[in-house]
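See below for the structure under consideration.
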Amino acid sequence: PFGSGRAALARDILQQAPMPAPDDDPDEEEDKKEIKALDEGDIALLKTYGVGPYNKKVLGVEKDIKELNTKIFELVGVKESDTGLAPPSQWDLVSDKQMMQEEQPLQVARCTKIISPGTEDAKYMINVKQIAKYMIN
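Under the working numbering, the first residue of the sequence shown is numbered 16, with each subsequent residue one higher.
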């Protein structure tokens, strides 16, 4: 019962609405209107659209910050990376390889106990992983 009422209502609305003629194109009406060029006032208004009252001051301060930042980087000189490594252009792989072959490798030890801390004869007990425990002066 409800479906037939809705269909009838839709049919009545469609019958009452006049169908536009095929040659009445709304886009053509817009094309026929004369196009008016923007004057200087309109352009100035468009440029200020979305600009707050302090926009010029903020842009000036941002420019000053960028200039100071570049000066700081120039004064600092060498820029360090996040990894702590020098840039690849400064690497000397040949001498590094030679140094690794000549020197004994370092071992990491853990200090497990300090005997007589704070005195001149303090002694440290260290543990080198998977090798031994040592007492060091």
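Ideal Cβ placement from N, Cα and C applies to all residues, glycine included.
Per DSSP, what kind of secondary structure is residue i in: helix, strand or coil?
| i | result |
| --- | --- |
| V123 | coil |
| I50 | coil |
Leaving out five residues on either side along the sequence, give the residues of the same chain with a beta carbon under 7 Å from the beta carbon of residue i.
| i | result |
| --- | --- |
| P16 | Caution applies to P16, whose pLDDT of 47 falls short of 50 and renders its modelled position unreliable; the model cannot decide the point. |
If residue i and residue j are in contact, beta carbons under 8 Å, what's the gap, nearest whole angstrom?
| i | j | result |
| --- | --- | --- |
| Y139 | I129 | 6 Å |
| Q122 | V143 | 6 Å |
What does a CB cutoff of less than 8 Å around residue i pick up in its chain, not counting 5 residues either side in sequence?
| i | result |
| --- | --- |
| L61 | L53 |
Give, in chain order, every unbroken run of the alpha helix (DSSP H) that is at least 4 residues long and sits entirely within the stretch 55 to 114.
55 to 63 and 70 to 91
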